[in-house]
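What follows is a short report on a single structure.
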Amino acid sequence: MSAKVKMKKHHAPEDVVFNIINYTFFILFALICAFPFYYLFINTISKNELVSSGQITFFPQEIHFQNYINLTKIDALGKSFLVSISRTVLGTMLMVLASAMVGYLVTKQEMWGRKFWYRFLVITMYFNSGLIPWYLNMSMLGLTNNFLAYIIPSIMSPYNVILVKTYIESIPGELEESASIDGAGYFTIFRKIIFPLCKPILATIAIFGAVGHWNSFTDSIILMSGNPDLYTLQHRLYTYLNQSTNLAQVVQGTSSIGESVGQAAVNLRPIKFTVAMATVIPILIVYPFMSKYFEKGIMLGAVKG
């Protein structure tokens, strides 16, 4: 019988000191990054009067969830939430699929004009026509007051194509060669071999796309001015925040004639925190499920130029 000998790994003193400093630094850095979200959350569940006077700093006091309940009373908020969810899910799925297919296509040496089309795609990253030409273009295409304005312009992203292309080039070519010998065509190879192997980089660009779609409200403000039913959640909440007094009256129930407008404005601080937290929570929920792919995907996708 062979005895298993457990070997203890000895670290030099300078390595121990380095590890302590390294871990301490990154723990502190993580806490600094997480504290704004924690600060927002404890201010949304604490007593509104204490929040308005700035007394909530590290720990919540007199916990309640009425602010989140009251937020659902805002007119058309549910419809705007569905618009944001729809554009995020649909836009991200189409963007990931298009990036994967184009990224795979430009890796094929036999593609007609491959270098030209790839360079043509990349060069668009360095030029921006500006806001007014962009709006005129969208208007001429009939994409004002149209839900497709959220989807079509974001389907193709040169940066994502570059990441996917670089990742695919890191996959051994023998896999494709063996499949082609067995009679598989380009689409079959892409669907059964390339696409499944690209999950890390596709999850990475999916995070980029989902966050971009969810947080975007400029296109909603500019393009959907004539159709409030297509306002995104961020646009809807942005509109209410600009009308601070009315928002405070609606959410806090202080719209009675005898209530002073000044008191309604004072209660705006916890409402602002609640609105901000409501827009962040969905992304915070989704990100942990995608994070295991994120680091691997972004590193492997950036190995080659």
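Numbers -9 to 295, taken from our numbering, label the letters of the sequence shown in order.
Even for Gly, the Cβ is constructed at its ideal location relative to N, Cα and C.
If you're wondering where the values come from, they're calculated on a predicted model, not measured in any experiment.
- For Lys37, there is no enclosing alpha helix (DSSP H), since its DSSP letter is neither H nor E.
- Tyr277 and Phe117 have their C-alpha atoms spaced approximately 31 angstroms apart.
- Fewer than three beta-carbon pairs drawn from the segment 220 to 228 and the segment 8 to 23 are found closer than 8 angstroms, and the two stretches are therefore not classed as touching.
- Remark: fewer than three beta-carbon pairs, one from each stretch, lie closer than 8 angstroms, so the segment 107 to 126 and the segment 176 to 196 are not flagged as touching.
- Distances from the CA of Glu39 to each of Thr114, Tyr28 and Ile53 were compared; the closest alpha carbon is that of Ile53.
- In this structure, the beta-carbon distance from Val6 to Gly93 does not fall below 8 angstroms.
- Going by DSSP, Arg226 is part of the alpha helix (DSSP H) stretching over Leu223 to Asn232.
- Under the three-pair Cβ rule at 8 angstroms, the segment 165 to 173 does not count as touching the segment 101 to 116.
- Gln56 sits away from Ser36, with the two beta carbons spaced by 8 angstroms or more.
- Below 8 angstroms, enough C-beta pairs join the segment 213 to 223 and the segment 123 to 137 to call them touching: three or more.
- The residues Tyr125, in chain order, have a CB closer than 7 angstroms to that of Ile212 in the same chain once the five nearest residues on each side in sequence are set aside.
- Between the C-alpha atoms of Thr208 and Ala66 there is a straight-line separation of about 19 angstroms.
- Within its own chain, the residues whose Cβ lies closer than 6 angstroms to the Cβ of Thr34, once the five positions on either side in sequence are excluded, are Asn57, Phe263, Thr264 and Met267, listed in chain order.
- Taking the CA atoms as reference points, Leu165 sits about 14 angstroms from Thr97.
- Collapsing the DSSP output to three states places Ile179 in a helix.
- Assigned with DSSP and collapsed to three states, His54 falls in coil, not helix or strand.
- The three-state secondary structure of Glu100, taken from DSSP, is coil.
- Residue range Pro148 to Glu159 is occupied by the alpha helix (DSSP H) that includes Tyr149.
- Taking C-beta separations shorter than 7 angstroms and ignoring five residues to either side along the sequence, the partners of Met128 in its chain run Thr134, Ala139 and Leu213, following chain order.
- Within 10 angstroms of the beta-carbon of Ser215 lie fewer than 16 other beta-carbons, which makes it exposed.
- Our two residues, Ser210 and Leu153, have alpha carbons roughly 28 angstroms apart in a direct line.
- Per DSSP, the continuous alpha helix (DSSP H) segment holding Thr82 begins and ends at Leu67 to Leu95.
- Pairing Ser74 with Pro143, the inter-Cα distance amounts to about 16 angstroms.
- If you draw a 10 Å sphere on the C-beta of Lys155, you find 16 or more other C-beta atoms in it, and that means buried.
- DSSP places Pro190 inside the alpha helix (DSSP H), whose first and last residues are Lys189 to Asn205.
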